[in-house]
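Shown next, in structure tokens, is the structure this report addresses.
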Amino acid sequence: MVAIPMILIMRQPDLGTSLLLAAGGVSVIFLAGASKWLFIGGAAATAGAIPLAWGFLHDYQKQRVLTFFNPESDPLGAGYQIMQSKIALGSGGMTGKGFLLGTQSHLNFLPEMKTDFIFTVLAEEFGLVGGLSVIGLYLLVLSYGMYVAATCRNQFGRLLAAGLTFSLFLYVFINVGMVMGLLPVVGVPLPMISYGGSAMLTMLVAFGLIFAVSLNRKLAIPRGI
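Take a look at the structure:
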């Protein structure tokens with residue numbers, strides 16, 4: 130069930146979203162209580178398939194991985210975006226340059242400033258304090274989602290809330306890690322902040338489902354229904 134949409138998304142091509150979808154599906158399977166040997170075997174098979182999978186990647190995907198290890202090798206090409214992102218993050222300092230006063234972003238040094246690299250703009254304008262405040266708000270949302278999952282009395286609600294919360298965590302973790310240079314650059318938006326229609330709609334649906342589980346978390350659903 131997870132593989133079908135994953136393969137379709139991968140063929141668009143959108144490797145980042147397909148891998149996030151796979152990770153979300155695996156998390157639900159894990160929370161459902163599947164055998165640990167299933168995950169150990171899957172991890173071993175995935176590690177062994179990495180050299181084979183490298184040959185199926187598109188040239189730009191390979192370039193992203195290579196740039197992650199050494200962005201300075203092509204500072205005006207493939208490494209330009211992540212290097213500008215690091216410059217913007219560092220220039221923000223502790224409290225930032227002020228609202229709409231960021232130089233790297235508003236002077237067009239930083240590409241994709243409204244979408245995937247929006248966290249860099251926030252950190253440049255509001256500094257470390259602003260960046261940590263945004264992460265703190267995300268932690269509150271994630272804590273609420275896990276609270277709903279932990280207090281739900283039926284298995285379906287627990288898995289639904291926990292799976293959606295974990296997916297939200299992945300989006301935040303990968304986006305923030307990406308703009309800091311800790312992860313390869315992939316097309317992952319920052320939930321509820323990045324500009325975009327489909328990503329925003331998806332997150333709103335996810336929050337609606339979590340709220341629905343919260344409203345009905347005292348409902349016990351007998352097994353077999």
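Take the sequence shown: its position 54, counting from 1, is numbered 183 in our numbering, and each next residue is one higher.
The beta-carbon is built from N, C-alpha and C at its ideal position, and this holds for glycine as well.
In this text, all values refer to a predicted model and were calculated from it rather than measured experimentally.
### Message
Could you tell me the alpha carbon to alpha carbon distance between Leu-230 and Glu-254, rounded to whole angstroms?
### Response
6 Å
### Task
Return the chain-ordered list of same chain residues with a C-beta closer than 8 Å to the C-beta of Ile-322, the five sequence neighbours on each side being excluded.
Ile-247, Phe-248, Leu-251 and Val-263
### Query
Using CA coordinates, which residue listed in Leu-312, Gly-325 and Ile-136 is at the minimum distance from Leu-195?
Leu-312
### Query
Three or more beta-carbon pairs under 8 Å between the stretch 304-319 and the stretch 210-224, yes or no?
yes
#### Entry: Helix, strand or coil at Arg-140 according to DSSP, with G and I counted as helix
Three-state DSSP puts Arg-140 in coil, outside helix and strand.
### Message
Do Pro-318 and Val-301 count as a contact pair if the criterion is CB distance below 8 Å?
### Response
no
### Task
Evaluate contact between the stretch 274-294 and the stretch 220-240, counting only Cβ atoms and requiring at least three cross-stretch pairs below 8 Å.
no
### Query
Which value, in whole angstroms, describes the spacing of the CA atoms of Ser-127 and Gly-171?
Residue numbering for the chain in the displayed model covers 130 to 354; residue 127 lies beyond these limits and cannot be assessed.
### Task
Could you work out which residue in Leu-205, Leu-149 and Arg-140 is closest to Leu-186 when comparing CA atoms only?
It is Arg-140 whose Cα lies nearest to the Cα of Leu-186.
#### Entry: Option in Pro-240, Gln-190 and Arg-346 with minimal Cα separation from Tyr-276
Arg-346
#### Entry: Euclidean distance between Cα positions of Tyr-189 and Leu-344
45 Å
### Query
For Phe-298, which option in Gly-153, Met-130 and Pro-134 has the closest C-alpha, if you only look at C-alpha atoms?
Of the candidates Gly-153, Met-130 and Pro-134, the one whose C-alpha sits nearest the C-alpha of Phe-298 is Gly-153.
#### Entry: Rounded distance between the beta-carbons of Thr-224 and Gly-325, thought under 8 Å
Wrong, their Cβ atoms sit about 29 Å apart, outside the cutoff.
### Message
Please classify Leu-261 as buried or exposed, where buried requires at least 16 other C-beta atoms within 10 Å of its C-beta.
### Response
When all chains shown are included, Leu-261 counts as exposed.
### Task
Could you name the residues of the same chain whose beta carbon sits closer than 6 Å to that of Leu-149, not counting the 5 residues immediately before and after it, in chain order?
Leu-299.
### Task
Drop a sphere of 10 angstroms on the beta-carbon of Met-332, count the other beta-carbons inside from all chains shown, and report buried for 16 or more, exposed for fewer.
Buried.
### Message
Quick check on Arg-282: buried or exposed, where buried means 16 or more other Cβ atoms within 10 Å of its Cβ?
### Response
exposed
### Query
Once you ignore the five residues that flank Thr-280 on each side, which residues in its own chain have a CB closer than 7 Å to its CB?
Arg-346
### Query
Taking Lys-207 as the reference, which of Gln-213, Ser-296, Gln-192 and Gln-233 has the closest Cα?
First, the amino acid is wrong: residue 207 is Ala here, not Lys. Closest option to Ala-207, Cα to Cα, is Gln-192.
### Query
Mind checking whether Val-314 and Ile-169 have CB atoms under 8 Å apart?
no
### Query
Would DSSP call Asn-345 helix, strand or coil?
coil
### Query
So, helix, strand or coil for Thr-196, using DSSP?
helix
### Task
Output yes or no for whether 8 Å exceeds the beta carbon distance between Asp-143 and Gly-316.
yes
#### Entry: C-beta atoms of Ile-350 and Phe-285 nearer than 8 Å
yes
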